[in-house]
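Mapped onto the numbering used here, the consecutive letters of the sequence shown carry residue numbers 560 to 762. First up is the structure itself, then whatever we jot down about it.
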Amino acid sequence: MFRRFVLASFAVVVATSCSGGDEATVAPTSTTASVTPSTTTTTTTTTTTTTTTSTTTTLPTPIAPPADANAAEPVIELGKISIPAIDVEMGLYEGIRLTTLDLGPGHWPGTALPGSAGNVVVAGHRVSKHQVFLRINELEIGDEIIFETDAGTFTYLVTDAQVIEPTDLWIISQTPAFTATLFACHPPGSTAQRYAVFAELAQ
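Listed below in structure tokens is the structure:
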């Protein structure tokens with residue numbers, strides 16, 4: 560809305576007497592003043608800043624295979640491993656030297672612990688001592704591998720199995736996935752190859 564202000568017209572007449580008796584007349588003057596309002600527009604600009612947060616998972620670092628497989632190492636019991644399909648239920652120990660595997664399945668040092676991101680790698684005898692992995696080749700897809708530790712109980716499900724060479728160290732590789740790998744000598748009574756079983760943490 561705007562307002563208009565108009566000054567009313569007015570006439571000014573001035574009569575002046577001159578010595579000659581003539582009259583001087585000033586014609587009426589009409590004055591109009593117009594005011595045009597101004598409009599101010601305010602623009603508000605909103606800036607949105609998006610912050611992206613990335614999370615980096617630090618993966619375990621497996622140790623190299625021991626130079627002396629027969630050397631003694633500390634006895635550390637991590638918990639228990641159970642594999643119902645092949646009637647396994649034994650203590651789980653830290654280490655892969657023969658002195659440890661003589662006690663039961665051994666967790667490869669530096670690989671993931673049960674329930675953690677990465678690959679839990681466990682070795683076991685097939686025909687000597689407890690023969691804990693004697694029937695490892697009988698495991699089928701979907702069979703359970705259960706770890707019980709101070710951190711909790713974690714169930715992994717078998718996804719695959721294959722015969723590998725003793726030099727195939729890729730089986731201890733670590734990824735952000737929650738996986739487990741069991742392995743033992745193959746065929747039974749021979750160290751020519753290895754039988755590996757792969758599993759994933761159940762959801």
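All residues carry an ideal CB built from backbone N, CA and C; glycine is no exception.
In the three-state reduction of the DSSP assignment, A623 falls in the coil class.
Selection W729, V686, A761 evaluated against T712 yields A761 as nearest (Cα-Cα).
Residue range 636 to 642 is occupied by the beta strand (DSSP E) that includes L637, with no alpha helix (DSSP H) assigned at that position. Contact between L651 and G663 is confirmed by a C-beta separation of about 7 Å, below the 8 Å threshold. Residue burial is scored here from C-beta neighbours: N678 has at least 16 other C-beta atoms within 10 angstroms and is therefore classed as buried.
Counting along the chain, L693 sits inside no alpha helix (DSSP H), nor does DSSP assign it H or E at all. Only exposed fits A626, as fewer than 16 other CB atoms lie within 10 angstroms of its CB. Straight through space, the alpha carbons of N629 and L716 are spaced by roughly 32 Å. For T659, the closest C-alpha among the options L637, G748, L672 is that of L637. In the three-state reduction of the DSSP assignment, L728 falls in the helix class.
Spanning the alpha carbons of P725 and A755 requires a straight line of approximately 11 Å.
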